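Chains as they are written, first to last, in the numbering used here: chain A, 431 to 1018; chain B, 966 to 1436. Think of the CB as a built atom: it goes at the ideal place given N, C-alpha and C, for glycine as much as any other residue. Note that this is a predicted model, so its numbers are computed, not measured.
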């Protein structure tokens, strides 16, 4: 195994998701009944003992149904409220992109800084504080970047730091503005100039340059999303009431949301000129979404949403799946980005298209998995239509099917959980504490459905699996690398499934993933969930009760646009929750 | 990134200026200048091994109970390799993990392992994957090592407070890990407090570079070189200036954020203070060490793969303790749900063996056996470092813990192993039967062995007191 061991990484995250739920696939032994060791009593699950410190409520959860959200908004009686925004550190991707924008240096933060926390499916460093290790890593990163940028310092500064007496101040103004994503305050300029001078005194102008870079890159105004900055004259934080974001902070929020990086000059200028009203923000969203860096953002949202961000690390039993190779997993990974960008930036932009289109973007061995051959004169990156009776959108593409599977068989449980949690925003109650967790053994004589039948037969398993397996079993026409199949075990594949415990417009049986995808594409529940997922991705936090009005308007707007995702992103960027910030919950 | 000039990180510059290199230190006086018996620091090392004792199913678990009397016994198969160092072990058999809360057993077992505290439910932004597709928050209390490192007193690892003006060890605590995965409740075990997980360094090279910069023959013990060299003074001042600027920025930021976020900024400030001490030429020790330490810095780590990295990290831990870089450490081998493939012993995925539908007690026992060999290596290395009349191991308390009792998710009879002498506080060479007793008692005992005056630890089994016959 090599150092970051991708195959381990990838398998794990989602693998474990299923483990306890596959629990039931199982001998379903509820324990404690016989002999030693006696089991821990099942009430342990989710127990909250009296001596647990109170958890900040953060406004409390938002109802899941649309009516409940609308009611919650109504209860605000027109008073503007938003959920509290926690102080968040930049993710590793945001660090890398920002450092590149500032200094044209590849910082490789991804391999040198502690990994990012996740908030739901998305990366967001919102909870755990930095520790000594992170501070060390930030210092090392800053020093490394400073040394790497130094040979280029005259070009970066636009003047000669060594000889031109006016140069350091100009350089500090310009780089500081980029690093802090706002103009420097007078005190900061003075301090940074002193840092330059001190560095120069300790060595030479290069040392001065490096000292300034080290200070900027370790500053909290660079390392954190500085939502509470207010230009002179504005209402000051902390504030329980939401305050409008400072234009520079709004520019930064827009930029990190849509291109994962420090705002560009156009955004900074707009902020400086106070040109970030609702209409102008909408125009900026269009501009940024059309720009090259947004390719990555669109790809990353969908990869994280579908839990396939680490599909490149999956491992397969090559006896069962001789067509599998790491290159195949990479092709699947790339396809998610190509397909979602095609739909959102060149196509009709609709969620229903993402979920039902028969267009694919295969390369290499992925053609074989799809049973397709490259058309004559095929250019990679152009759409290839697949058999529409067999393929419908993201859920029938290889990344999803490959990631949510075992090494030697499919996993209806993984696939079902992903649909339930990430597409329907549902929660699944934990399995009882003392189940024996067992993935059923593959045998030639049994189908996956037969192997997982225990779930339905056993009332203990059934309690949770009744809302998971009927979704996952709908994917049984696709094996663990995404190939279409009609046989499993000794018989034909039975891909019948059902939507249970869902809104009326979705409830009922279906056969196969194409039908399932078509039903999901029309479902108000999926649409509502997707608008919440984009909200979380955009704001780096989970929506709360106090975001009711924003969420309600996003949901109705998304509906009115027939599920147009670019318009949803505009609606998010112009929403109250996005343009205002509440820095204190006021409950302490 | 390309490096255009042969320059390096600030601290290295500093240390080059100091003229410090690496090497083997002298094993010198057993008596200090006054003729009294030399004293050595007391250390704590927590080690994590994934998953529980091998099980066929919930009620059929491989028994690991030692056989024999308290002091004359043989170890069970999963611990067999440790026979070679049995006289320095204390086996506390039968403890039930004081853990619970959100997520499932692997997750709350991990969050409770060294905290005896509940894994919190998800809430607001504290809402992430905590195993099995369920959401959890972070753990709800500090781990025992962090409490030990923070307190100070005559029988503690640190006699000198962290805010004492005197020089300090380079690091109060160091967390190392091997392939520990992303930060979720499943993959973290050390906490500074509620919602404050501490992440392990998992890159052996980074850990090595950070811990041993400037540690060498002249620096391990109690007397830092005074800052006389001009270049060193300048470089140190330059770095302090940067750190002071960052701290001032943090304080300004603190003035305009909600109180909910104060803990984040305060933790950042605390970490910066520690960084500043190191820049200022720390390595003065935490007090109480009159004997000369035998400091051997290993070669820079090489090799990849889990087994190689694990050995690297063990070597680094031993050297860091022997050189007094820190006195409180943790080593996290893998993570709950460990999907490490043990190919070097002809075996596959650890966690899959527990749940693949077959009776895998043989394979799981072989994996435990392999981990026992890794622990043996670590203990033997600690024991090979002479300190006065004893060894580094005699002055250290090593505790190996696991997040489950069995691979079938029992939380009972979790296979803990204690080793070392805790500088005379622990009498090893024994096994004790604690069947059914809460492991919060073990954490209380760890605290007491390390010099804390406590009768309770964590929020799961409050007021448990210590284990009888240990500490």
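Counted within 10 angstroms of its Cβ, other Cβ atoms place residue 839 (chain A) as buried (16 or more) or exposed:
Walking along the first chain from the start, residue 839 (chain A) turns up at place 409. With 16 or more Cβ atoms within 10 Å of its Cβ, residue 839 (chain A) is classed as buried.
Going by C-alpha to C-alpha distance, which of A:836, A:736, A:825 sits closest to residue 744 (chain A)?
In the first chain, residue 744 (chain A) corresponds to position 314, counting from 1. Per the Cα distances, A:836.
Can you tell me whether DSSP reads residue 1102 (chain B) as helix, strand or coil?
For this step, residue 1102 (chain B) is matched to residue 137 along the second chain. Of the three classes helix, strand and coil, the one that applies to residue 1102 (chain B) here is coil, per DSSP.
Shorter than 8 Å from the beta carbon of residue 446 (chain A) to some beta carbon of chain B?
For the purposes of this step, residue 446 (chain A) is taken as residue 16 along the first chain, with counting starting at 1. The pLDDT assigned to residue 446 (chain A) is 33, lower than 50, so where the model puts this residue is not dependable; a value taken from the coordinates is nonetheless given after this. With 8 Å as the cut-off, residue 446 (chain A) counts as an interface residue toward chain B.
Hey, is residue 788 (chain A) close to the ligand MG, as in C-beta under 7 Å from one of its heavy atoms?
This structure lacks the ligand MG; in fact it carries no ligand of any kind.
Quick one: what's residue 553 (chain A) bridged to in DSSP?
Working through the first chain from its first residue, we reach residue 553 (chain A) at position 123. Looking at the DSSP assignment, residue 553 (chain A) forms a beta bridge with A:548.
With a threshold of 8 Å between beta carbons, is residue 649 (chain A) in contact with chain B?
Counted from its first residue, the first chain places residue 649 (chain A) at position 219. Residue 649 (chain A) counts as touching chain B.
Closer than 7 Å by C-beta to residue 618 (chain A): which residues in its own chain qualify, once you throw out the five before and the five after it? Chain order, please.
For the purposes of this step, residue 618 (chain A) is taken as residue 188 along the first chain, with counting starting at 1. Closer than 7 Å at Cβ, skipping near neighbours: 606.
Closer than 7 Å by beta-carbon distance: list the chain A residues that pair up with residue 1142 (chain B), in chain order.
The sequence position of residue 1142 (chain B) within the second chain is 177, counting from 1. Under the 7 Å cutoff, chain A gives no residues; its nearest Cβ is about 10 Å from residue 1142 (chain B).
What are the residues of the stretch 532-548 of chain A that lie near chain B, defined by any Cβ-Cβ distance shorter than 9 Å?
535, 536, 537, 538, 541, 542, 544, 545, 546, 547, 548
Whole angstroms is fine: what's the gap from residue 610 (chain A)'s alpha carbon to residue 695 (chain A)'s?
Here residue 610 (chain A) refers to the residue found at position 180 of the first chain. Here residue 695 (chain A) refers to the residue found at position 265 of the first chain. Between residue 610 (chain A) and residue 695 (chain A), the C-alpha separation is close to 13 Å.
Helix, strand or coil at residue 1066 (chain B) according to DSSP, with G and I counted as helix:
Indexing the second chain from 1 puts residue 1066 (chain B) at position 101. Residue 1066 (chain B): strand per DSSP, three-state reduction.
Expressed to the nearest angstrom, what Euclidean distance is found between the alpha-carbon atoms of residue 1005 (chain A) and residue 980 (chain A)?
Along the first chain, read from residue 1 onward, the residue named residue 1005 (chain A) stands at position 575. Along the first chain, read from residue 1 onward, the residue named residue 980 (chain A) stands at position 550. When rounded, the distance between both Cα atoms is 6 Å.
Along the alpha helix (DSSP H) that carries residue 1169 (chain B), what are the first and last residues, could you check?
Looking up residue 1169 (chain B) in the second chain gives position 204. From DSSP, the alpha helix (DSSP H) with residue 1169 (chain B) extends over 1169-1177.
Under 9 Å between beta-carbons, which chain B residues line up against residue 871 (chain A)? List them in chain order, please.
For this step, residue 871 (chain A) is matched to residue 441 along the first chain. Result: 1321, 1322, 1323.
Considering residue 1158 (chain B), what are the terminal residues of the beta strand (DSSP E) in which it resides?
For the purposes of this step, residue 1158 (chain B) is identified with residue 193 of the second chain, where counting begins at 1. That run of the beta strand (DSSP E) goes 1156-1158.
If the cut is a Cβ gap below 8 Å, which residues of chain A does residue 1331 (chain B) touch?
Working through the second chain from its first residue, we reach residue 1331 (chain B) at position 366. By Cβ distance, chain A contributes nothing, its closest Cβ being about 18 Å from residue 1331 (chain B), past 8 Å.
What separation, rounded to the nearest whole angstrom, lies between the Cα atoms of residue 594 (chain A) and residue 631 (chain A)?
Against the first chain, residue 594 (chain A) aligns to sequence position 164. Against the first chain, residue 631 (chain A) aligns to sequence position 201. Those two C-alpha atoms are separated by around 16 Å.
Between the alpha carbons of residue 1124 (chain B) and residue 1241 (chain B), how many angstroms are there, rounded?
Residue 1124 (chain B) sits at position 159 when you count from the first residue of the second chain. Residue 1241 (chain B) sits at position 276 when you count from the first residue of the second chain. Looking at the two C-alpha atoms, the distance is approximately 20 Å.
Are residue 813 (chain A) and residue 795 (chain A) close, meaning C-beta to C-beta below 8 Å?
Against the first chain, residue 813 (chain A) aligns to sequence position 383. Against the first chain, residue 795 (chain A) aligns to sequence position 365. Going by C-beta atoms, residue 813 (chain A) is not nearer than 8 Å to residue 795 (chain A).
Would you check if there are 3 or more beta carbon pairs closer than 8 Å linking the stretch 1312-1327 of chain B to the stretch 1198-1207 of chain B?
no
Compare the Cα-Cα distances from residue 524 (chain A) to each of A:737, A:614, A:692 and report the closest residue.
On the first chain, residue 524 (chain A) is found 94 positions in, with the first residue counted as 1. Residue 524 (chain A) has its Cα closest to that of A:692, out of A:737, A:614, A:692.
With DSSP as the reference, identify every bridge partner of residue 1229 (chain B), one or two as the case may be.
On the second chain, residue 1229 (chain B) is found 264 positions in, with the first residue counted as 1. Bridge partners of residue 1229 (chain B): none, in fact.
State the DSSP-derived secondary structure class of residue 1013 (chain B), mapped to helix, strand or coil.
Locating residue 1013 (chain B) in the second chain gives position 48, counting from the first residue. Three-state result, residue 1013 (chain B): strand.
Please state the DSSP three-state secondary structure of residue 1360 (chain B).
The sequence position of residue 1360 (chain B) within the second chain is 395, counting from 1. Of the three classes helix, strand and coil, the one that applies to residue 1360 (chain B) here is helix, per DSSP.
Tell me, please, whether the CB atom of residue 1013 (chain A) is closer than 8 Å to any CB atom in chain B?
In the first chain, residue 1013 (chain A) corresponds to position 583, counting from 1. Answer yes: the Cβ-Cβ gap between residue 1013 (chain A) and chain B drops below 8 Å somewhere.
Could you tell me which residues DSSP puts in a beta bridge with residue 790 (chain A)?
Locating residue 790 (chain A) in the first chain gives position 360, counting from the first residue. Residue 790 (chain A) is bridged to A:814.
Which listed residue (B:1230, B:1306, B:1353) has its alpha carbon closest to that of residue 1255 (chain B)
Translated into positions along the second chain, residue 1255 (chain B) becomes position 290. When only C-alpha atoms are compared, the closest one is B:1353.
Please report the straight-line C-alpha distance between residue 1082 (chain B) and residue 1422 (chain B), rounded to a whole angstrom.
Locating residue 1082 (chain B) in the second chain gives position 117, counting from the first residue. Locating residue 1422 (chain B) in the second chain gives position 457, counting from the first residue. About 8 Å.
Measure the Cβ-Cβ separation of residue 820 (chain A) and residue 944 (chain A) and say whether it is below 8 Å.
Counting from 1 along the first chain, the entry for residue 820 (chain A) is found at position 390. Counting from 1 along the first chain, the entry for residue 944 (chain A) is found at position 514. In this structure, residue 944 (chain A) lies closer than 8 Å to residue 820 (chain A) by Cβ.
Which residue or residues does DSSP assign as beta-bridge partners of residue 519 (chain A)?
Taking the first chain and counting its residues from 1, the one referred to as residue 519 (chain A) is at position 89. Looking at the DSSP assignment, residue 519 (chain A) forms a beta bridge with A:555, A:654.
Hey, which unbroken runs of the beta strand (DSSP E) at 3 residues or more fall wholly within the stretch 907-931 of chain A?
926-929
Contact check, residue 1150 (chain B) vs residue 1072 (chain B), beta carbons under 8 Å:
Taking the second chain and counting its residues from 1, the one referred to as residue 1150 (chain B) is at position 185. Taking the second chain and counting its residues from 1, the one referred to as residue 1072 (chain B) is at position 107. In contact: residue 1150 (chain B) and residue 1072 (chain B) (Cβ atoms closer than 8 Å).
Work out the CA separation of residue 1014 (chain A) and residue 1335 (chain B) for me, nearest whole Å.
Counting from 1 along the second chain, the entry for residue 1335 (chain B) is found at position 370. Counting from 1 along the first chain, the entry for residue 1014 (chain A) is found at position 584. Those two C-alpha atoms are separated by around 51 Å.
With a cut-off of 8 Å on the beta carbons, I'd call residue 1391 (chain B) and residue 1296 (chain B) a contact; round off their distance for me.
On the second chain, residue 1391 (chain B) is found 426 positions in, with the first residue counted as 1. On the second chain, residue 1296 (chain B) is found 331 positions in, with the first residue counted as 1. Their Cβ separation, rounded to whole angstroms, is 19 Å, which puts residue 1391 (chain B) and residue 1296 (chain B) out of contact at 8 Å.
Look at the Cβ atom of residue 1046 (chain B), then the Cβ atom of residue 1337 (chain B), and state whether they are nearer than 8 Å.
In the second chain, residue 1046 (chain B) corresponds to position 81, counting from 1. In the second chain, residue 1337 (chain B) corresponds to position 372, counting from 1. In contact: residue 1046 (chain B) and residue 1337 (chain B) (Cβ atoms closer than 8 Å).
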